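Beneath this line is the structure, given in structure tokens, with notes to follow.
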Amino acid sequence: MNNEHPHQLTLHELEKAAAENHRQLFSLNAACLGGNVRKGNGIEWTCINGNEASTVMFPSLTKENAGDELNALMENFRQQAPATAGYWSLLPAQPENVGLHLLARGWQPGWQPCWMALDTLNRTFNEVLPEGYRISEETSIGVSLVNDLPYREDSAYFSSRLLQQYPEQACRVTAWYEEKIIGHCCLFFSEGTANVAGLYNMGVVPEQRRKGIGKALLHAAAMISRKKGFRYVTLNANNIGRPLYEKVGFSFISYGATWWLMNKNYLTQSSNEIQLAEAVGSGDLETLDQLASSVPLEILAKPMCNGMRWMEFAVYVDQKEAARWLTDHGALLTGLDAWNLGWKDKAADLLREDPGEIDRRYFEWGGTLLHVAAEKNDLPLLQLALQYKPDLSIKDLHHNGTPLDWAMFFRRDEMIVLLKQVV
């Protein structure tokens with residue numbers, strides 16, 4: 000542990016320190032769970048008992064070796080078959096087109112980490128709690144049986160075994176009300192240069208929120224970190240938690256990137272599919288034409304290994320010419336695909352020629368063109384869709400909302416007026 004507070008760090012140094020804290024945590028936690036870390040050339044990942052979640056930790060691949068190294072990674076996954084896997088990267092990713100290689104091998108685009116940091120020096124942390132509440136630093140208290148407590152379960156990222164085996168490097172900050180656990184967060188103290196205290200698993204049970212418990216937990220975590228000699232506390236925020244962190248004094252550092260392996264389709268993926276996906280993603284029409292004679296094009300009628308439709312993938316990577324090639328070779332082109340590619344007349348043709356196209360559901364949440372228009376605030380798309388008699392009663396699968404519900408939620412005033420006129 001540190002004996003004195005380190006010097007002030009730049010944003011770039013804090014970003015690197017936050018990533019290194021994650022890397023050390025994931026590696027040590029994997030060892031505590033009976034796993035290990037596998038390494039390639041510029042890439043390393045955790046392997047836990049063969050079937051737990053695996054984590055690829057901030058690789059530094061190159062354009063020259065990315066394909067081969069990721070092939071080796073996927074071959075290891077085919078042998079170990081982890082339940083899920085996450086690929087964490089700073090930005091820009093190394094190489095910048097690594098996302099294309101991952102999507103071609105069955106990964107899905109993930110959420111964007113938001114790195115934040117708190118400088119604990121010259122700050123006062125003395126949050127006063129109401130009577131009956133208290134905060135404590137723990138290493139042996141379990142929280143898995145606390146109903147509705149976020150992040151209460153052990154995971155491949157932070158586990159009770161880690162807390163028990165490395166009490167000097169990890170601890171849990173626990174909030175209590177009348178001697179019942181109501182909230183917690185975890186700290187991991189990294190070693191080496193530019194070391195920081197990483198904050199993880201922040202959560203409060205629903206009935207105790209909006210009472211200052213979260214703020215008190217953060218104050219306590221900051222005080223604990225400072226007493227142990229760590230000047231900075233870093234974390235990865237989501238949109239819900241970020242305002243609270245900012246109130247306490249956390250500042251934005253940078254964004255990162257993640258990709259996730261959420262199914263096991265990759266176990267039977269062919270090398271031809273990978274080649275085809277990489278050619279589509281890079282807009283390599285010459286390779287696509289070469290593959291047309293060797294790849295059974297019925298593959299274009301099925302989803303890719305990562306669950307995306309081929310045309311959806313071309314739209315995602317913004318490859319219009321590859322999209323034309325896919326269309327010419329039988330891949331499904333939907334009204335939304337055409338609209339997103341900028342083919343507005345083609346989108347109208349598809350909606351006019353196929354009465355069922357207007358009510359097609361998109362994405363895993365099952366929204367229609369109208370739902371998508373409300374989400375993206377795309378008034379021209381909504382106006383186009385309304386010309387073809389859509390079913391306005393269709394509800395999405397995640398929030399059970401109609402297009403009007405979505406427009407009202409996002410406060411799309413013009414859309415609300417138009418939808419009410421035709422309801």
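Residue numbers (numbering that gives the first Met the number 0): 0 to 422.
Glycine residues also receive a C-beta, built at the ideal position from the N, C-alpha and C atoms.
Source: prediction; values computed, not measured.
Assign residue i to buried or exposed, taking buried as 16 or more other Cβ atoms, counted over all protein chains shown, within 10 Å of its Cβ.
i	result
TRP364	exposed
ASN2	Only weak support exists for where ASN2 lies, its pLDDT of 46 falling under 50; the coordinates are left without a value.
VAL416	exposed
HIS100	buried
GLN420	exposed
TRP258	buried
SER158	buried
THR173	buried
ILE239	exposed
GLN111	exposed
PRO58	buried
PHE312	buried
ARG424	Only positions 0 to 422 of the chain appear in the structure, and residue 424 is not among them; the question remains open.
ARG411	buried
GLU51	buried
ASP67	exposed
So what does DSSP say about residue i, is it helix, strand or coil?
i	result
PRO108	strand
PHE25	helix
TRP338	helix
PRO76	Correcting the residue type first, residue 76 is Phe in the shown sequence and not Pro. Three-state result, PHE76: helix.
ASN495	Any property of residue 495 remains undetermined from this structure, which presents the chain solely from 0 to 422.
ASN376	coil
VAL97	helix
GLU14	helix
ASN2	The predicted position of ASN2 is uncertain, since its pLDDT is 46 and thus under 50; a value taken from the coordinates is nonetheless stated next. Residue state, collapsed to three classes: coil.
GLU297	helix
ALA196	strand
PRO402	helix
PHE312	helix
PHE409	coil
GLU277	helix
ALA330	coil
ARG160	helix
Would you mind giving the Cβ-Cβ distance between residue i and residue j, rounded to the nearest angstrom? I have them listed as a contact below 8 Å.
i	j	result
THR123	ARG230	Not really, about 15 Å apart at Cβ, beyond 8 Å.
LEU391	LEU418	7 Å
ASN262	GLY306	7 Å
PHE187	LEU368	About 45 Å; that fails the 8 Å criterion.
VAL204	GLY182	7 Å
ALA221	LEU8	With a Cβ gap of about 16 Å, ALA221 and LEU8 do not count as contacting.
VAL279	LEU325	7 Å
SER292	ASN271	So it is not a contact: roughly 11 Å between Cβ atoms.
GLN163	SER139	6 Å
Thinking C-alpha only, which one of the options is nearest residue i?
i	options	result
SER115	SER253, THR367, GLN420	It should be pointed out that residue 115 corresponds to Met in this sequence rather than to Ser. The candidate whose alpha carbon is nearest that of MET115 is SER253.
ARG133	ALA82, LEU144, GLU19, GLU177	GLU177
ASP348	THR333, LEU117, ARG360	THR333
LYS246	GLY400, ASP317, LEU217, GLU272	LEU217
GLU297	GLU285, ARG104, LEU275	LEU275
LYS179	GLY33, ILE273, GLY141	GLY141
GLU374	ASN238, LYS343, ALA80, ALA406	ALA406
GLN268	GLU51, LEU102, VAL279, GLY98	LEU102
ALA337	ALA300, ILE181, GLY355, LEU380	LEU380
TYR165	TRP309, CYS31, LYS345	CYS31
ASN146	GLU206, ASP283, ARG410	GLU206
GLY202	ARG225, ASN237, LYS227, ASN194	ASN237
TYR361	PRO58, GLY341, ASP404, ARG308	ARG308
VAL316	ARG209, ILE42, TYR86, ASN339	ASN339
ASN75	GLY98, MET414, VAL36, LEU60	VAL36
ILE223	GLY197, GLY211, ASP353	GLY197
ASN20	GLN79, CYS46, CYS185, ILE47	CYS185
TRP342	GLY329, HIS328, VAL314	VAL314
SER88	PHE408, MET73, GLN78, LEU60	LEU60
LEU13	LEU243, LEU162, GLY255	GLY255
LEU335	LEU128, ALA384, GLY400	ALA384
TRP175	GLU277, ALA17, ALA215, TYR244	ALA215
ALA84	TRP44, GLU413, ASN121	TRP44
THR233	ALA322, TYR199, GLY282	TYR199
Would you say residue i touches the ligand NAP, meaning its beta carbon is less than 7 Å from a heavy atom?
i	result
ALA291	The ligand NAP is not among the ligands present in this structure, which contains no ligands whatsoever.
With which residues is residue i paired in a DSSP beta bridge?
i	result
CYS304	CYS304 pairs with nothing; no bridge assigned.
HIS183	THR173, GLY202
MET414	According to DSSP, which records beta bridges pairwise, MET414 is partnered with nothing at all.
ASP118	TYR231
SER88	ALA256
MET56	TRP87
ARG351	DSSP lists no partner for ARG351.
ILE393	In the DSSP output, where bridge partners are listed per residue, ILE393 has none listed.
TRP44	ARG37, VAL55
SER250	ALA116
Does the CB of residue i have a neighbour CB from chain C at under 8 Å?
i	result
MET414	The structure shown contains no chain C; it holds only a single protein chain.
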